[in-house]
Amino acid sequence: MTTTSLTKSRGAGRAGDKVFSGAALAAGCLILAVLFGVALFLVVQAIPALVASPDKIQGGEGFFAYIWPIVIGTVIAAIIALVIATPVAIGVALFISHFAPRGLASGLGYVIDLLAAIPSVVYGAWGAAFLAKEISPAYDWLANNMGWLPIFQGPASATGKTILTAGIVLAVMVLPIITSLSREIFLQTPKLHEEAALALGATRWEMIKMAVLPFGRPGIVSAVMLGLGRALGETMAVALVLSSGALTASLIQSGNQTIAAEIALNFPEASGLKVSTLIAAGLVLFVITLGVNMIARWIISRHKEFSGAN
Amino acid sequence: MSKRIDVKDLNVYYGKFLAVEDVNINIEAKSVTAFIGPSGCGKSTFLRTLNRMHEVIPGARVEGEVLLDGDNLYGPGVDPVTVRSQIGMVFQRPNPFPTMSIRDNVLAGVKLNNQKISKGEADALVERSLQGANLWNEVKDRLAKPGSGLSGGQQQRLCIARAIAVEPQVILMDEPCSALDPISTLAIEDLINDLKDQYTVVIVTHNMQQAARVSDRTAFFNIAGTGKPGKLIEVGDTHTIFSNPTQKATEDYVSGRFG
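Sequence lines, in order, name chains A and B.
Using our numbering, you'd call the opening residue of the first sequence number 90 and step up by one each time.
Using our numbering, you'd call the opening residue of the second sequence number 87 and step up by one each time.
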């Protein structure tokens with residue numbers, strides 16, 4: 090009876106399939122539910138601050154006037170971190186994946202991964218107690234020699250606890266993330282493409298420009314975005330390093346503030362509308378992160394045809 | 087613009103392991119030379135030493151001389167990058183750069199070697215190279231599309247166009263048809279026939295009929311057993327190798343009575 094033997098199926102195998110697909114579906118739904126829950130919490134808790142009359146909000150000029158300086162501060166700190174960290178991280182990743190002898194490469198990779206495991210409060214303490222002091226002479230020099238640029242306008246902070254210091258500390262913190270991911274991506278460049286470049290008479294650096302970097306481009310964008318996510322949301326390090334204040338263009342004076350540090354510093358003593366205001370600030374940070382990730386997706390998808398995934 | 091290659095007493099090592107032993111062979115200019123032999127006999131390894139591509143593998147090194155019209159590729163001060171721009175290579179699996187358009191793939195090597203060329207020159211070179219690879223008519227309307235969108239046979243011809251765009255002296259082909267269907271294979275074989283008017287071509291192949299069809303001279307490599315080095319057993323006119331070889335091993339291999 091061929092028909093019955095075809096319609097009969099192995100009971101156990103099918104059950105395993107169902108359990109697995111059920112578990113995968115549940116995990117997927119759970120992630121969405123958690124994300125939605127967080128968003129809902131932020132929106133509901135933030136509404137009082139968003140609809141309150143302007144004079145009741147801290148600063149007395151409404152939520153928008155309160156939030157925009159610290160949004161700018163957050164973005165400035167994150168941009169400083171990425172501008173410093175991205176080239177260094179890609180350079181280190183390339184060194185590990187394509188230049189260093191094997192023994193050195195694995196040792197270096199291990200050290201970089203270890204950097205990612207250091208708690209942020211340690212980075213903050215290091216930034217506040219050591220880096221800020223050591224770097225303030227450099228700020229004096231910048232103020233004296235490049236002071237005509239608004240971002241280096243003097244007088245430089247005597248303590249060195251500025252947004253630039255915070256950005257540098259953030260750069261050190263996001264460096265291992267970008268490095269580790271980029272290294273993995275560079276190592277995955279198909280040997281075929283590297284050999285194609287070399288066989289055309291490319292030097293090692295030309296081979297990297299021709300085969301490794303274009304192939305790794307979407308991965309590099311993702312790595313930078315993960316680093317950016319950490320830089321935007323980093324709280325402890327900024328709270329410890331930055332001597333905060335009003336929004337200022339100069340990066341080497343004390344002043345500026347980031348959303349995450351603002352929330353951390355004020356939340357313990359906050360009550361009533363102040364809590365709502367801080368949660369609304371958190372909502373803004375959430376939206377910024379979401380926007381950044383969407384832009385990153387868009388950048389990656391723009392070059393899909395040439396990604397090498399086909 | 088094609089040069090001959092003379093190999094003298096060449097040994098190839100991977101670390102301490104002797105992979106290919108004592109090869110002496112003369113490869114004539116403007117001709118097709120085929121390397122045949124069983125898997126693992128070192129013919130691909132040997133091919134890679136002809137443009138120093140074996141150096142990509144850590145620990146690989148050679149002893150002996152490879153002379154390109156008398157100039158030793160392994161002489162002191164010789165840059166492997168220069169060697170490879172003179173001796174091009176086509177690989178087993180088609181490997182156009184997936185992140186580049188068809189046009190940029192053809193120009194990839196040229197942009198390395200003489201940095202700046204005008205758009206007009208570039209257009210002419212792209213057309214000439216793709217014509218030379220018998221691919222122009224199939225892709226002329228989609229030069230800006232990614233090279234990875236072509237069929238396997240077209241991709242391989244794109245790789246050949248990329249190799250000839252830099253006007254090398256010699257083109258090495260490492261089993262260029264092993265990943266292709268019979269029709270694409272035929273297209274590549276026709277192309278090899280055209281290429282020998284201008285270039286010295288060396289091809290490694292598993293397919294004896296292919297060696298018989300495309301080559302002027304054939305070299306037979308063999309290996310005594312696992313762990314033993316590969317050796318060049320016999321080299322001669324393709325017709326002689328297939329009909330009247332001097333070595334018993336060659337005769338067994340080409341007649342299919344092997345192993």
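Just so you know, even glycine gets a beta-carbon here, dropped at the ideal spot from N, CA and C.
Note that this is a predicted model, so its numbers are computed, not measured.
{"Asked": "Partner residues on chain A for leucine 198 of chain B, Cβ-Cβ distance less than 7 Å", "Found": "Leu289, Gly290, Ala291, Glu295"}
{"Asked": "Within chain A, the residues that arginine 248 of chain B reaches when beta carbons sit closer than 9 Å", "Found": "Ala285, Leu289"}
{"Asked": "Rounded separation between isoleucine 266 of chain A and alanine 312 of chain A - CA only", "Found": "7 Å"}
{"Asked": "Residue-chain proximity (methionine 383 of chain A, chain B), Cβ-Cβ < 8 Å", "Found": "no"}
{"Asked": "CB contact check: phenylalanine 188 of chain A to chain B, cutoff 8 Å", "Found": "no"}
{"Asked": "Beta-carbon spacing of glycine 82 of chain B, leucine 289 of chain A below 8 Å", "Found": "Nothing about residue 82 of chain B can be read from this structure; chain B reaches only from 87 to 345."}
{"Asked": "Members of the segment 266-281 of chain A near chain B, C-beta cut-off 7 Å", "Found": "Leu281"}
{"Asked": "Boundaries (first-last residue) of the alpha helix (DSSP H) holding asparagine 233 of chain A", "Found": "221-234"}
{"Asked": "Distance between glutamine 346 of chain A and alanine 285 of chain A (C-alpha atoms, nearest Å)", "Found": "50 Å"}
{"Asked": "Cβ neighbours of isoleucine 297 of chain A in the same chain (closer than 8 Å, five flanking residues each side left out)", "Found": "Leu183, His187"}
{"Asked": "Chain-ordered chain B contacts of alanine 300 of chain A [CB-CB under 7 Å]", "Found": "Phe183"}
{"Asked": "Below-8 Å beta-carbon distance, proline 158 of chain A vs any chain B residue", "Found": "no"}
{"Asked": "As assigned by DSSP and simplified to three states, the class of tyrosine 99 of chain B", "Found": "strand"}
{"Asked": "Length of the line joining the Cα atoms of methionine 383 of chain A and leucine 171 of chain A", "Found": "18 Å"}
{"Asked": "Coarse secondary structure for glycine 145 of chain B, derived from DSSP in three states", "Found": "coil"}
{"Asked": "Where asparagine 355 of chain A falls: helix, strand or coil (DSSP)", "Found": "helix"}
{"Asked": "Contacts that proline 303 of chain A makes with chain B (C-beta to C-beta distance below 9 Å)", "Found": "Phe183, Pro184, Thr185, Met186"}
{"Asked": "Best match in A/Leu379, A/Gly334, A/Leu259 for proximity to alanine 174 of chain A [C-alpha to C-alpha]", "Found": "A/Leu259"}
{"Asked": "Neighbour flag for asparagine 399 of chain A against chain B, beta carbons, 8 Å", "Found": "Confidence is the limiting factor: at asparagine 399 of chain A the pLDDT is only 47, short of 50, which leaves the residue's position unreliable and the question unanswerable from this model."}
{"Asked": "Cα-Cα separation between alanine 353 of chain A and methionine 325 of chain A, rounded to whole angstroms", "Found": "8 Å"}
{"Asked": "Glycine 148 of chain A beta carbon less than 8 Å from that of tyrosine 155 of chain A", "Found": "yes"}
{"Asked": "Rounded straight-line distance, which links the Cα of glycine 239 of chain B to that of aspartate 267 of chain B", "Found": "8 Å"}
{"Asked": "Beta carbon proximity, glycine 345 of chain B to chain A, threshold 8 Å", "Found": "Any reading at glycine 345 of chain B needs caution, since the residue's pLDDT is 47, under 50, leaving its predicted position unreliable; the model's value is listed next. Not closer than 8 Å to any Cβ of chain A, the Cβ of glycine 345 of chain B fails to qualify, so no."}
{"Asked": "Opposing strand residues paired with valine 192 of chain B [DSSP bridges]", "Found": "Note: valine 192 of chain B sits in no beta bridge, so no partner."}
{"Asked": "Bridge partners - phenylalanine 306 of chain B, DSSP secondary structure assignment", "Found": "B/Ile122, B/Glu320"}
{"Asked": "Which of helix, strand or coil DSSP assigns to proline 232 of chain B", "Found": "strand"}
{"Asked": "Sufficient close CB pairs (3 or more, under 8 Å) joining the segment 144-152 of chain B to the segment 87-100 of chain B", "Found": "yes"}
{"Asked": "Same chain only: Cβ atoms within 7 Å of glutamate 320 of chain B, ignoring 5 sequence neighbours per side", "Found": "Phe306, Ile327, Pro331, Thr332, Gln333, Thr336"}
{"Asked": "As assigned by DSSP and simplified to three states, the class of alanine 105 of chain B", "Found": "strand"}
{"Asked": "DSSP state of asparagine 220 of chain B mapped onto helix, strand, coil", "Found": "coil"}
{"Asked": "Aspartate 280 of chain B (DSSP reduced to helix, strand or coil)", "Found": "helix"}
{"Asked": "Neighbour-count burial assignment, glycine 305 of chain A, 16 or more Cβ in a 10 Å radius", "Found": "buried"}
{"Asked": "Own chain partners of glycine 316 of chain A with C-beta closer than 7 Å, once the 5 adjacent residues on each side are dropped", "Found": "Leu171, Ala174, Val263, Ile266, Ile267"}
{"Asked": "Chain-ordered chain A contacts of alanine 194 of chain B [CB-CB under 9 Å]", "Found": "Ala285, Ala286, Leu289, Ala291, Met299"}
{"Asked": "8 Å contact criterion, which tyrosine 212 of chain A and valine 261 of chain A should meet: CB distance rounded", "Found": "7 Å"}
{"Asked": "Three-state secondary structure assigned by DSSP to threonine 337 of chain A", "Found": "coil"}
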